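The structure appears right after this line, and notes come after that.
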Amino acid sequence: MRQKHRRWIITAAVLVTPLIFLLCVGIGSVNYTPAEIMQVLWNGIRGNLHETSGNGVANVILKIRLPRVCTVALVGAALALCGTAMQGLLKNPLADGSTLGVSSGASLGAVFAIALGLHIPMIGSIGVTVMSILFAFLSIILILTLAHILDYSLSTNTIILVGVIFSMFAGSVTNLLVTFAGDKVKNIMFWTMGSFTGTTFQDAGIVLLALIFCSILLLNLSAELNAFAMGEENAIHIGVNVRRVKLLIMIAVSILLGISVSVSGSIGFVGLVIPHIARFMVGPNHKKLLPISMWLGSIFLLLADLISRTILSPAVLPIGVITSFVGSIFFIYIFYTLRTKQ
Amino acid sequence: MLQVKELSVKFGDYTLLSNVSFSLEKGCWLMVAGPNGAGKSTLIHALAGTIPYEGDIHFLGKPQKSLTPRKQAKIVGVLSQHHSVNYSFTVEEVVRLGRYCHTPKLSFSANNQDDRKVVEALKMTDIWELRHHSVLRLSGGELQRVFLAQVFAQEPSILLLDEPTNHLDIGYQSKLFPLIQQWLEQGERAVLSVVHDLGLARCFGNQALLLNNGQILACGKKEQVFSSKHLEQAYGIPVEKWMQKIYEPWNTSVKNFSAQESL
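If you read the sequences in order, they're chains A and B. Each residue of the first sequence is one higher than the one before, starting from 1 at the first, in this note's numbering. Each residue of the second sequence is one higher than the one before, starting from 1001 at the first, in this note's numbering.
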């Protein structure tokens, strides 16, 4: 049964992904056919762009659409990977960067860095990313410590409650900073709802590096994540070095969330919804769950981005509107099924 | 195999265990009994290393604090009383995690030895048929057997059981305890179990430890520890009389029932 599932999923992945990719690159304010896209790409790879029909096409595809689509796909994978890791680590099916307030913390860090003009010499805008990662990490530590003090057993609801409160707090401080900082900082919409407008290949590159590093780290910890998903006490009993593994996972999650947020703002609920769909497809074993989640996260965010760009064209909806719309309904559904199960 | 010296556990101002010392030899099955709040579960948690403590705990002559989690798991296995799994892992996936401490850190495939031990554990606990089922759909007794299989697959030398049959029906009790006995006899092993039910504590095991208010009231041979004097001191009631009273009706009614059945 499972074996059959897996084969089906791999086939689907192979077939669907390039189609969605072409769709996302092709559709927008101007539409391009797959043939046009392939031609531009082919010429781009060969390093000569003069053979294409008009330079305008190549420009739009290579300078605007392609970097955006790549960034979206990578951020989607990163967010879903974070969600899966946190849901496993905390044994909490409602955990996610947005529900725990980690994304808000990362946003706060980034805005803080920009508002204070925190330019570390030589590395320039990396300062924003570093602050974003740092704040993400501090947020996780703070939220878990607070939840631990309030409720020793770290029950699902306490963590979420603390997360929501922290999220509001970080959000209000971010808002305050944005108001005072004026034009220096991107508007509040970016930090609360996310946006991929104007993303470059450089953005995609940073996310790609983080994703390679963190996904290798987390995939190596899939047995430990399985143990955590069965309960932390059981993980201790079977010999998992709980403290070390927890720290590694939290660092990986912070890096991924911090970089995602500094590139595209905080996009909610991707990390909440995707792991559930992935678990439905391949079961809860993290060895398969982590890669499938990454793939699904990419596809989900690509489609969400496509919808946000096209549904009210020429106006662009913030991408978070789409993900949060789907996500909040999903959240209620999971919460409901958890409640009725108890 | 297990040596505990002057073990104390404090939680804020509360002293949960004070000055507990005992040792466990191979082939021994130590029953830890005592009233609610005596510190039975705390003892298990301290031994398992999940809570901080003062004093010394030695496993196979090595201090507990010097062991890495992996090394400790190779020596000590723990079966807790509660299990709540939120995700639909299969029975086999849960049991296989018991091999965690034997698997090298960077290995991507299970070896034959692991497979064999998992199969053995599944068969020994009689859940072989359930191996592809989701643990979310199991009954309490079945779930407890899955985690017992996990701890068997772990191949520890010392087994710590925290009220393993709590909340479970007697049909399950009657299967679990003989299974533990069988496991104990298979090698250089020892068992320490916390048992709430004094009837069970008297029936199984060969040594006993009676705790009261975080201190040892008696420790040693089971018959001596569970004397009427000690029990009365611990529970504040004439335990022996009470046990006789509640089990007495079984002697008569069971006979009548079987007589009726044979008619």
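Glycine included, each C-beta is placed from N, C-alpha and C at the ideal position. As the structure is a prediction and not an experimental result, all values here were calculated from the model.
- Message: So, at 7 Å on beta carbons, what are the nonlocal neighbours of B/Lys1005 in its own chain, with the 5 sequence-adjacent residues on each side left out?
- Response: If you ignore the 5 residues before and after B/Lys1005, its C-beta comes within less than 7 Å of the C-beta of Ser1021, Gly1055, Asp1056, all in its own chain and listed in chain order.
- Item | Proximal residues of chain B, C-beta to C-beta of A/Ile238 below 8 Å | Within chain B, the residues near A/Ile238 are Ala1073, Leu1097, Gly1098, Tyr1100, Cys1101, Gln1150, Gln1154.
- Message: Taking the alpha-carbon of A/Leu23 as reference, which of A/Gly88, A/Ala252, A/Ile236, A/Leu306 has the nearest alpha-carbon?
- Response: Ranking A/Gly88, A/Ala252, A/Ile236, A/Leu306 by Cα distance to A/Leu23 puts A/Leu306 first.
- Query: According to DSSP, is B/Arg1056 helix, strand or coil?
  - Reply: Note on residue identity: the sequence assigns Asp, not Arg, to residue 1056 of chain B. If DSSP states are grouped into helix, strand and coil, B/Asp1056 belongs with the strands.
- Message: With three or more C-beta pairs closer than 8 Å as the rule, is the region 230 to 242 of chain A touching the region 73 to 87 of chain A?
- Response: In short, these stretches do not touch, since the Cβ pair count stays below three.
- Could you tell me which residues DSSP pairs with B/Pro1063 in its beta bridges? Answer is B/His1058, bridged to B/Pro1063.
- Message: Whole angstroms are fine: how far does the CA of A/Ser29 sit from the CA of A/Phe280?
- Response: Spanning the two alpha carbons is a distance of roughly 36 Å.
- A/Met230 (DSSP reduced to helix, strand or coil): Looking at A/Met230 - three-state DSSP - the assignment turns out to be coil, as it is neither helix nor strand.
- Query: Quick one: which chain B residues come within Cβ less than 8 Å of A/Asn226?
  - Reply: What A/Asn226 touches in chain B: Phe1089, Glu1093, Leu1097.
- Query: Rounded to the nearest angstrom, how far is the Cβ of A/Ala110 from that of A/Ser262, given a contact under 8 Å?
  - Reply: Indeed they touch by this definition, with Cβ atoms about 5 Å apart.
- Query: Can you list, in chain order, the residues of its chain whose CB lies under 8 Å from that of A/Ser308, leaving out five sequence neighbours each side?
  - Reply: Excluding residues within five positions, the ones whose Cβ falls inside 8 Å are Val316, Leu317, Pro318, Ile319, Val321, Ile322.
- What's the call for A/Ile292, buried or exposed, on a 16-neighbour Cβ count within 10 Å? A/Ile292 should be labelled buried.
- Validate contact between the region 241 to 248 of chain A and the region 271 to 278 of chain A using beta carbons, cut 8 Å, 3 pairs: No, the region 241 to 248 of chain A does not touch the region 271 to 278 of chain A.
- If A/Phe196 sits next to A/Ser264, beta carbons under 8 Å apart, how far is it from one beta carbon to the other, in whole angstroms? Yes, they are in contact, since the Cβ atoms of A/Phe196 and A/Ser264 sit about 5 Å apart, within 8 Å.
- Do the region 1046 to 1066 of chain B and the region 1167 to 1187 of chain B make contact, defined as three or more Cβ pairs closer than 8 Å? The region 1046 to 1066 of chain B makes no contact with the region 1167 to 1187 of chain B: fewer than 3 CB pairs, one atom from each, lie closer than 8 Å.
- Exposed or buried, which one is A/Ile344 when buried takes at least 16 other CB atoms within 10 Å? Because chain A is modelled from 1 through 342, residue 344 of chain A falls outside the range shown and cannot be assessed.
- Message: If the criterion is Cβ atoms closer than 8 Å, does the pair A/Leu100 and A/Ile159 meet it?
- Response: Yes, Cβ-Cβ distance for A/Leu100 and A/Ile159 is below 8 Å.
- Query: Going by DSSP, which residues form a beta bridge with B/Asn1267?
  - Reply: Outside the displayed span of chain B (1001 to 1263) sits residue 1267 of chain B, for which this structure offers no information.
- Neighbour flag for B/Pro1069 against chain A, beta carbons, 8 Å: Chain A, which has a Cβ nearer than 8 Å to the Cβ of B/Pro1069, makes this yes.
- Could you please tell me which residues of the region 273 to 297 of chain A, in chain order, have their CB closer than 8 Å to any CB of chain B? Within the region 273 to 297 of chain A, contact with chain B at the beta-carbon level (separation under 8 Å) is assigned to Arg279, Gly283, Pro284, Asn285.
- Task: Compute the distance between the beta-carbons of A/Leu296 and A/Ile277, then report whether it is under 8 Å.
- Result: Contact annotation: A/Leu296 and A/Ile277 have beta-carbon atoms nearer than 8 Å.
- Contact residues within the region 78 to 102 of chain A, judged by C-beta distance below 7 Å to chain B: With the criterion set as a beta carbon lying under 7 Å from some beta carbon of chain B, the members of the region 78 to 102 of chain A are Lys91, Pro93, in sequence order.
- Going by the CB atoms, is the gap between A/Ser266 and A/Thr145 shorter than 8 Å? Cβ atoms of A/Thr145 and A/Ser266: not closer than 8 Å.
- From A/Asp151 to A/Val162, what does the alpha carbon distance come to, in whole angstroms? Rounded to whole angstroms, A/Asp151 to A/Val162 spans 11 Å at the Cα level.
- Any idea if A/Pro93 is buried or exposed, counting beta-carbon neighbours within 10 angstroms, 16 or more meaning buried? With at least 16 other beta carbons inside 10 angstroms of its own, A/Pro93 counts as buried.
- chain B beta carbons: is any one of them nearer than 8 Å to that of A/Glu233? It does: the Cβ of A/Glu233 has a partner Cβ on chain B nearer than 8 Å.
- Item | Contacts around A/Ile259, its chain only, beta-carbon distance under 8 Å, and the 5 residues preceding and following it disregarded | Excluding residues within five positions, the ones whose Cβ falls inside 8 Å are Ala78, Thr129, Ser132, Ile133, Ile206, Val207, Ala210.
- Task: May I have the straight-line CA-CA distance separating B/Leu1160 from B/Ser1080, to the nearest angstrom?
- Result: So the two alpha carbons sit approximately 8 Å from each other.
- Query: If you draw a straight line from the C-alpha of B/His1230 to the C-alpha of B/Ala1218, how long is it?
  - Reply: One C-alpha to the other measures close to 7 Å.
- Task: Closer than 8 Å by beta-carbon distance: list the chain B residues that pair up with A/Asn157, in chain order.
- Result: Within chain B, no C-beta atom comes less than 8 Å from the C-beta of A/Asn157; the nearest is roughly 13 Å away.
- Examine chain A for any beta-carbon lying closer than 8 Å to the beta-carbon of B/Ser1286, and answer yes or no. Only positions 1001 to 1263 of chain B appear in the structure, and residue 1286 of chain B is not among them; the question remains open.
- Reduced DSSP secondary structure (H/G/I, E/B, other) of B/Tyr1014: Strand, per DSSP.
- Which chain A residues are close to B/Thr1050, counting only those with a beta carbon under 7 Å from its beta carbon? The answer, in chain order, is Glu233, Ile236.
- Message: Helix, strand or coil for A/Met189? Go by DSSP, reduced to three states.
- Response: Helix.
- Message: Can you give me the C-alpha to C-alpha distance between B/Asn1019 and B/Leu1211, rounded to a whole angstrom?
- Response: Here the alpha carbons of B/Leu1211 and B/Asn1019 stand approximately 11 Å from one another.
- Secondary structure at B/Ser1021, three-state DSSP: helix, strand or coil? Strand.
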